[in-house]
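Under the numbering used here, the letters of the sequence shown match residues 12 to 101, in that order.
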Amino acid sequence: MTMIGLDSAPRLRRGVRLTYDKTRETHVLLFPEGVLVPNQTAAAVLKLCDGTATVAQITAELGKNYDGVRADDVQNVLKRLEERRVVEWK
């Protein structure tokens, strides 16, 4: 497992796509092994996983829209997503 630092830049793995499901009225994460329905926090993080934004930048960007965003919370979300094999590190 990768050590997730503030300068780490996550991106969606090949074949993974975040989209909005109008029927379910929520974001869904499509990947070769199936479908995940991320919670609102995970979806907000996933939208910013472009391989160029670092964890520090993602935290700052989320802090513009949400109160109390902490880097360790973002790192924990990314760790869980990495365990599910939907994000990787550039």
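Note that beta-carbon positions come from the ideal geometry of N, C-alpha and C, so glycine has one too.
Residue i beta carbon near the ligand HEM (any heavy atom closer than 7 Å)
i, result
"Y77", "Annotation note on the ligand HEM: not contained in the displayed structure, which lists no ligands."
N- and C-terminal bounds of the beta strand (DSSP E) containing residue i
i, result
"L47", "G45 to L47"
"L23", "P21 to L23"
"V98", "V98 to W100"
Bridge partners - residue i, DSSP secondary structure assignment
i, result
"E36", "DSSP, once it has assigned bridges, lists no residue as partnering E36."
"T13", "T13 pairs with nothing; no bridge assigned."
Contact with chain C by residue i, beta-carbon distance below 8 Å
i, result
"N50", "Among the protein chains of the structure shown there is no chain C, as only one such chain exists."
Enclosing alpha helix (DSSP H) for residue i [first to last residue]
i, result
"V88", "A82 to E94"
"V66", "V66 to G74"
"L57", "Q51 to K58"
Nearest neighbour of residue i, chosen from the options [CA to CA]
i, options, result
"R89", "Y31, P43, G45 and N50", "According to the sequence displayed, residue 89 carries Leu and not Arg. Checked all of Y31, P43, G45 and N50; the closest Cα to L89 is N50."
Given 8 Å, three or more beta-carbon pairs between the segment 59-71 and the segment 35-49 | no
Validate contact between the segment 14-29 and the segment 63-70 using beta carbons, cut 8 Å, 3 pairs = yes
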